[in-house]
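The structure appears right after this line, and notes come after that.
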Amino acid sequence: MQFLASMLARIRALAAIVTTLLFAAIFLIFLFAIFMRYVMQQPVAWADELNIILLLWVMFIAGALVLRDNEHVAFDIGWNAAPPKGRRAMGIVGAVAFGGLFLAALPGTWSYITFLWRERTTVLEWRLDLVYSCYLVFFIAVILRFGAKLLRLLGPHWRRVVDE
Numbered sequence: 035m036q037f038l039a040s041m042l043a044r045i046r047a048l049a050a051i052v053t054t055l056l057f058a059a060i061f062l063i064f065l066f067a068i069f070m071r072y073v074m075q076q077p078v079a080w081a082d083e084l085n086i087i088l089l090l091w092v093m094f095i096a097g098a099l100v101l102r103d104n105e106h107v108a109f110d111i112g113w114n115a116a117p118p119k120g121r122r123a124m125g126i127v128g129a130v131a132f133g134g135l136f137l138a139a140l141p142g143t144w145s146y147i148t149f150l151w152r153e154r155t156t157v158l159e160w161r162l163d164l165v166y167s168c169y170l171v172f173f174i175a176v177i178l179r180f181g182a183k184l185l186r187l188l189g190p191h192w193r194r195v196v197d198e
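Mapping to this note's numbering: the sequence shown position 63 is 97, numbers consecutive.
Structure below.
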């Protein structure tokens, strides 16, 4: 179990570095596009498309691998008002419901993303299955996170989970 926790921490750290570098790239490409449009009077279309793709990757990779559960935006008034056993019940129901929904939608998501190999982006002409593969990483990470949360809530140390 310690090996798995160590590996997940390394993956999270690597993903944080990658997403930070991607954000820096987005900013630099944005500045370059402004320079080309307003100083050189030669707008470059590829900069907008690349920034959209990079932002898509940043959002899904960070959401899947970098952010912890307590760092996501949540409506938690009911959660905070409930006693620990109530939080546990809500956590179990939520993990089963959302994890189950994501798991049920996985085959369709996989099918659609693999179908997108036929299509390409407008300017850069990159295959859309490669562009949107970050969504599949996000999708699988969400399923694994809900599964792990469910196992922790069903385990003997469930109070640690509801107090996070």
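All residues carry an ideal CB built from backbone N, CA and C; glycine is no exception.
The Cβ-Cβ distance between V157 and W91 does not fall below 8 angstroms. Apart from sequence neighbours up to five positions away, no residue of its chain approaches L101 with a beta-carbon distance below 8 angstroms.
Under the rule that a run must span 4 or more residues, the alpha helix (DSSP H) segments found entirely inside the segment 101-183 read 111-115, 118-149 and 162-165. For the set R179, P118 and L150, the Cα lying nearest the Cα of L137 is the one of R179. R194 counts as exposed, since fewer than 16 other C-beta atoms from the protein chains shown sit within 10 angstroms of its C-beta. Cβ neighbours of V196 within its own chain (closer than 7 angstroms, five residues either side excluded): P118, R121, R122 and G125.
Apart from sequence neighbours up to five positions away, the residues of its chain that approach V78 with a beta-carbon distance below 8 angstroms are F66, A67, M70 and R71, ordered along the chain. Collapsing the DSSP output to three states places Q76 in coil. The C-alpha of L170 lies about 10 angstroms from the C-alpha of P141. A residue is called buried when at least 16 other Cβ atoms come within 10 angstroms of its Cβ; F37 does not meet this threshold and is exposed. Take I87, set aside five residues on each side of it, and the residues of its chain with a beta-carbon closer than 6 angstroms to its own are V165, in chain order. For L48, the enclosing alpha helix (DSSP H) stretches over residues Q36 to I68. When C-alpha distances from G134 are compared across K183, T155 and A47, the shortest belongs to K183.
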